[in-house]
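Colleague: Take 26 as the starting number for the sequence shown in the working numbering and just add one per residue.
The C-beta atom is built at its ideal place from N, Cα and C for all residues, glycine as well.
In this text, all values refer to a predicted model and were calculated from it rather than measured experimentally.
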Amino acid sequence: MVSFNTFDRVLKVMARNYADQFLQLVFPNVAVKLIGTLENVEIALPEERVDFVHRLLCAGQEYLFHLEFQLQHRDDIPRRQFLYSAALTRQFDLPVVTAVLYLKRRIAPIPNEYVVQLGGKVANCFTYPVLKL
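1) Check the C-beta distance from Q97 over to R131 and give it rounded, since I have them as a contact under 8 Å.
2) By the three-class DSSP mapping on this structure, what secondary structure does A124 have?
3) Taking the C-alpha atoms as reference points, what is the distance between F32 and F94?
4) Within 10 Å of its beta-carbon, does Y139 have 16 or more other beta-carbons around it, so buried, or fewer, so exposed?
5) Look up R74 in the DSSP assignment and give the residues it is bridged to.
6) Assuming E67 and L119 make a contact with CB atoms under 8 Å, what is their CB distance in whole Å?
7) With distances taken from CA atoms, which of N54, V51, V125 is nearest R99?
8) From N42 to N149, what does the alpha carbon distance come to, in whole angstroms?
9) For L50 versus F90, is the C-beta spacing smaller than 8 Å?
10) Inspect the beta-carbon positions of T114 and Y153 and report whether they are closer than 8 Å.
11) Going by alpha carbons, who is nearest to A84 out of I60, N30, E72, N65?
12) Considering only residues of the same chain and omitting the five flanking positions on each side of V121, which have a CB-CB separation below 6 Å?
13) Tell me, to the nearest whole angstrom, how far the beta carbon of L36 is from that of V57; I am working on the premise that it is less than 8 Å.
14) G145 to A133, Cα distance in whole Å?
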């Protein structure tokens with residue numbers, strides 16, 4: 026039996042070596058060009074390490090593509106993705122596109138947004154693509 030930890034490591038190697046294919050999975054109808062990979066990216070909050078950050082070029086605009094792998098959904102994931110995206114935007118002064126790939130099956134829908142409501146109305150909403158294996 027293959028452990029999810031081994032599977033996670035293999036997928037991270039694949040994400041590093043086949044970033045273009047992951048981009049096509051996440052953004053199938055968008056013309057995006059991979060222009061580089063940032064290695065060992067650390068966010069200057071309490072120290073956190075994100076899984077992968079790649080540099081992209083789309084329609085003449087440079088972006089960072091932040092890809093996170095999660096074994097299963099936890100309630101703090103939407104907020105963490107929002108914080109990571111904000112911190113990466115600040116650190117690199119580039120717009121960030123975030124996606125989360127879940128490794129374990131789940132029947133219930135997986136949240137793909139971090140929402141802040143004020144007075145019952147949405148004040149801020151951060152959404153991101155979710156991929157499920």
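Modeller: Judging by the given coordinates:
1) 7 Å
2) strand
3) 10 Å
4) buried
5) E67
6) At roughly 16 Å, the Cβ-Cβ gap does not stay under 8 Å, so E67 and L119 are not in contact.
7) V125
8) 35 Å
9) no
10) no
11) I60
12) L89, H91, S110, L113, T114
13) So it is not a contact: roughly 20 Å between Cβ atoms.
14) 24 Å
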